[in-house]
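K.L.:
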Amino acid sequence: QVQLVESGGGMVQAGDSLRLSCAASGRTVSAKALGWFRQAPGKEREFVAVVSWDGRIDYGASVKGRFTVSRSSAKNTLYLQMNSLQPDDTAVYYCAADSSMGLQTPYWGQGTQVAVSS
658 QVQLVESGGG MVQAGDSLRL SCAASGRTVS AKALGWFRQA PGKEREFVAV VSWDGRIDYG
718 ASVKGRFTVS RSSAKNTLYL QMNSLQPDDT AVYYCAADSS MGLQTPYWGQ GTQVAVSS
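For the sequence shown, this note's numbering assigns the number 658 to the initial residue and increments by one for each residue that follows.
(1) Evaluate D746 with the Cβ neighbour count: other Cβ atoms within 10 Å of its Cβ, from every protein chain shown; 16 or more gives buried, anything less gives exposed.
(2) In whole angstroms, what is the alpha-carbon distance linking S708 and F694?
(3) Once DSSP output is grouped into helix, strand and coil, what is the label at S729?
(4) Helix, strand or coil, according to DSSP, for S741 in the structure here?
(5) Which residues in the same chain have their Cβ closer than 7 angstroms to the Cβ of T762, if we skip the five residues on either side of it in sequence?
(6) List the whole-angstrom C-beta distance separating Y716 from S727, where the pair is believed to meet the contact cut-off of C-beta under 8 angstroms.
(7) In chain order, what residues of the same chain lie with their CB nearer than 6 angstroms to the CB of R723, ignoring the 5 residues before and after it?
(8) What did DSSP end up calling V707 once you bin it into helix, strand or coil?
(9) Candidates E701, A753, S687: which alpha carbon is nearest Q767's?
And the structure:
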């Protein structure tokens with residue numbers, strides 16, 4: 658089992674920045690990939706970003722160029738730096754951990770709310 662706890666969400670205005678964190682604990686040896694998803698009201702969960710144990714990174718199309726994902730040197734903390742936030746970025750952001758970058762059957766965190774006003 659891998660436990661994931663997100664933090665850093667909040668309410669901001671368009672153009673502002675936020676940094677989310679996700680602390681992983683438990684059987685982190687199986688968390689080869691850590692990533693972020695988000696879900697806005699009435700919409701499906703959307704892939705945001707993923708970083709692998711060896712540093713490979715991928716982003717969803719809607720955040721590429723604005724968001725930066727990183728992983729601590731100890732590999733068990735994940736960050737998401739979100740710049741130039743827009744109202745469409747409003748969602749609950751979930752941390753995910755899995756054995757591969759595909760994040761097909763991940764462990765999930767409880768989510769942290771991000772709200773962006775115009």
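Heads up, the beta-carbon is just placed ideally off N, CA and C, and yes, glycines get one too.
P.N.:
In short, the structure shows the following:
(1) Here residue 746 refers to the residue found at position 89 of the sequence shown. For D746, the number of other beta carbons within 10 angstroms of its own is at least 16, and it is reported as buried.
(2) Start at 1 with the first residue of the sequence shown, and residue 708 comes out as number 51. Start at 1 with the first residue of the sequence shown, and residue 694 comes out as number 37. It should be pointed out that residue 708 corresponds to Val in this sequence rather than to Ser. Distance between the alpha carbons of V708 and F694 is about 12 angstroms.
(3) The residue you call residue 729 lines up with position 72 of the sequence shown. Three-state DSSP puts S729 in coil, outside helix and strand.
(4) Indexing the sequence shown from 1 puts residue 741 at position 84. Of the three classes helix, strand and coil, the one that applies to S741 here is coil, per DSSP.
(5) On the sequence shown, residue 762 is found 105 positions in, with the first residue counted as 1. Correct list, in chain order: D755.
(6) Here residue 716 refers to the residue found at position 59 of the sequence shown. Here residue 727 refers to the residue found at position 70 of the sequence shown. Not confirmed; about 12 angstroms, so no contact.
(7) Mapped onto the sequence shown, residue 723 falls at position 66. Excluding sequence neighbours, R723 sits near N740, S741.
(8) Numbered from 1 along the sequence shown, position 50 holds the residue referred to as residue 707. V707 falls in the strand class under three-state DSSP.
(9) On the sequence shown, residue 767 is found 110 positions in, with the first residue counted as 1. The shortest Cα separation from Q767 among E701, A753, S687 belongs to A753.
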